[in-house]
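K.L.:
A single structure is presented below for examination.
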Amino acid sequence: MLVGSVFSACATPQQIDLIEREQRRLRTETTSALEDFDNIRSTLADTRANVQQMQRDLGALKEKVEEVRHQLDRQIGQSTREGGQRIKELEARVAKLGEDFKTQGAALKAREEELKALLDAAKAAPGSPEARPSGEGAGPSDVAKAAPAESEAVKKDYEEAWRLVEGKDYKTAIVRFKAFLKKHPQSEYADNAQYWIGESHYALREFDQAILEFDVVRRRYPKGDKVPAALLKQGFAFAELGDKVDARLILQELVDRYPQAPEAGKAKQKLKALES
25 MLVGSVFSAC ATPQQIDLIE REQRRLRTET TSALEDFDNI RSTLADTRAN VQQMQRDLGA
85 LKEKVEEVRH QLDRQIGQST REGGQRIKEL EARVAKLGED FKTQGAALKA REEELKALLD
145 AAKAAPGSPE ARPSGEGAGP SDVAKAAPAE SEAVKKDYEE AWRLVEGKDY KTAIVRFKAF
205 LKKHPQSEYA DNAQYWIGES HYALREFDQA ILEFDVVRRR YPKGDKVPAA LLKQGFAFAE
265 LGDKVDARLI LQELVDRYPQ APEAGKAKQK LKALES
């Protein structure tokens, strides 16, 4: 009080008013600074909370990614197992068909032997060409004609089977083409005959069997001109069975191995369709 009284006694009214205004200004700035500090502290708290939330979200995202990865691993494993099972089923079918073929082959052989016996008996009959005296048999001209005649017979057998495909009698065509291959295994038409066996099964929507028959084309006749067509339809057959993985593999093999073949363009179109 004594100091204030002394100061008041020494200061003029104008100075006192100036000092009071300065005190009010300082008080106002201090209050504003305190409010800014509170705001900054509140902002920092919000930021810290946001960072923590982002960390939690990132952790959840990592867990989700890990879960998806595990699911993909399981799905890939399942697809592999299913593919292996499909192969086993096809192999079992091939084995059964092989047994059936052996049974039918044995019956056919017995029938052929029976017919041969009848033919031998007919040749031995009086008046038959084989029963003529020595010197009355086939001459040189007959020997020369034998090869062309045999070739024409092979072509005729093939065309007769092919006409069954044209007439959409696919089941009979399969039987005739198999008989053709048994009778003329080294014929120039052999790869074509095998291809049309697969094509006939495909037309009958027997896609599993068609896949096996088309595979015979590329394994038994790797240099034949029917391999690209067999690969194409084999890929189509896998697609019809819903097996897009094997379908893409086969069609891509066709494109890679035979890029100039007409079938390669169709394979590319199918590959694009399988991607959608």
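Going by the working numbering, the residue at position 269 of the sequence shown is 293; the numbering climbs one at a time, nothing skipped. Just so you know, even glycine gets a beta-carbon here, dropped at the ideal spot from N, CA and C. Remember, it's a predicted structure, so these values are computed and weren't measured experimentally.
1) Could you say if the segment 240-248 and the segment 278-291 meet the contact criterion of at least three C-beta pairs nearer than 8 Å?
2) Mapping DSSP to helix, strand and coil, what is T36?
3) If the criterion is Cβ atoms closer than 8 Å, does the pair Y182 and A227 meet it?
4) Would you report the Cα separation of F176 and V240, rounded to the nearest angstrom?
5) Going by Cα to Cα distance, which pick from I274, D232, I43, Y194 is closest to W220?
6) Do you know offhand how far L188's Cα is from A263's?
7) Ordered along the chain, which non-local residues of its own chain (more than five positions away) have a Cβ less than 8 Å from that of E287?
8) So what does DSSP say about Q210, is it helix, strand or coil?
9) Nearest to E299 by alpha carbon, out of K290, W186, R272?
10) Can you give the beta carbon distance from I274 to L114, rounded, assuming they're within the 8 Å contact cut?
11) Under three-state DSSP, which class holds Y245?
12) Can you say whether I198 is buried or exposed, counting buried as having 16 or more other CB atoms within 10 angstroms of its CB?
13) When DSSP labels each residue in this structure, what does Q95 get in the three-state scheme?
14) Once DSSP output is grouped into helix, strand and coil, what is the label at K257?
15) Rounded to the nearest angstrom, what separates R49 and Q77 at their Cα positions?
16) Where E190 and T196 are concerned, what is the direct C-alpha to C-alpha distance, given to the nearest angstrom?
17) Give the range of the alpha helix (DSSP H) segment to which Q379 is assigned.
18) Helix or strand or just coil, what does DSSP make of G191?
19) Please return the same chain residues whose Cβ sits closer than 6 Å to the Cβ of G266, not counting the five positions on each side in sequence.
20) Could you give the distance in angstroms between the alpha-carbon of E311 and the alpha-carbon of R200?
21) Between which two residues does the alpha helix (DSSP H) harbouring Q293 extend?
P.N.:
Quick look at the numbers:
1) Judged by Cβ distances under 8 Å, the segment 240-248 makes no contact with the segment 278-291, as fewer than three pairs qualify.
2) In the sequence shown, counting from the first residue as 1, residue 36 sits at position 12. Looking at T36 - three-state DSSP - the assignment turns out to be coil, as it is neither helix nor strand.
3) Within the sequence shown, residue 182 is the residue found at index 158, counting from 1. Within the sequence shown, residue 227 is the residue found at index 203, counting from 1. In this structure, Y182 lies away from A227, with their beta-carbon atoms at least 8 Å apart.
4) Taking the first residue of the sequence shown as position 1, residue 176 is located at position 152. Taking the first residue of the sequence shown as position 1, residue 240 is located at position 216. Phe is not the amino acid found at residue 176; the sequence shown has Glu there. Each residue's alpha carbon lies about 26 Å from the other.
5) In the sequence shown, counting from the first residue as 1, residue 220 sits at position 196. Ranking the options by Cα distance to W220, first place goes to Y194.
6) Here residue 188 refers to the residue found at position 164 of the sequence shown. Here residue 263 refers to the residue found at position 239 of the sequence shown. Between the alpha carbons of L188 and A263 lies a gap of roughly 27 Å.
7) Here the question's residue 287 lines up with position 263 in the sequence shown. Correct list, in chain order: P252, A253, L255, L256, L278.
8) Position 186 of the sequence shown, counting from 1, holds the residue named residue 210. Coil.
9) Within the sequence shown, the letter at position 275 stands for residue 299. Nearest option by C-alpha distance: R272.
10) To locate residue 274, count along the sequence shown from 1; it is residue 250. To locate residue 114, count along the sequence shown from 1; it is residue 90. I274 to L114, Cβ: 14 Å. No contact.
11) For this step, residue 245 is matched to residue 221 along the sequence shown. Coil.
12) Stepping through the sequence shown from its first residue, residue 198 is reached at position 174. The C-beta of I198 has 16 or more other C-beta atoms within 10 Å across all chains shown, which makes the residue buried.
13) For the purposes of this step, residue 95 is identified with residue 71 of the sequence shown, where counting begins at 1. Of the three classes helix, strand and coil, the one that applies to Q95 here is helix, per DSSP.
14) Counting from one through the sequence shown, the residue named residue 257 turns up at place 233. Look at K257 here: in three-state DSSP terms it is helix.
15) Along the sequence shown, read from residue 1 onward, the residue named residue 49 stands at position 25. Along the sequence shown, read from residue 1 onward, the residue named residue 77 stands at position 53. Between the alpha carbons of R49 and Q77 lies a distance of about 42 Å.
16) The count along the sequence shown starts at 1 and reaches residue 190 at position 166. The count along the sequence shown starts at 1 and reaches residue 196 at position 172. Distance from the CA of E190 to the CA of T196, rounded to the nearest whole angstrom, comes to 12 Å.
17) Only positions 25 to 300 of the chain appear in the structure, and residue 379 is not among them; the question remains open.
18) Within the sequence shown, numbered from 1, the residue matching residue 191 stands at position 167. In the three-state scheme derived from DSSP, where H, G and I count as helix and E and B as strand, G191 is classed as coil.
19) For the purposes of this step, residue 266 is taken as residue 242 along the sequence shown, with counting starting at 1. Closer than 6 Å at Cβ, skipping near neighbours: no residue.
20) No answer is possible for residue 311: it lies beyond the span of the chain, which begins at 25 and ends at 300.
21) Position 269 of the sequence shown, counted from the first residue, corresponds to residue 293. Judged by DSSP secondary structure, Q293 falls within the alpha helix (DSSP H) whose first and last residues are 286-299.
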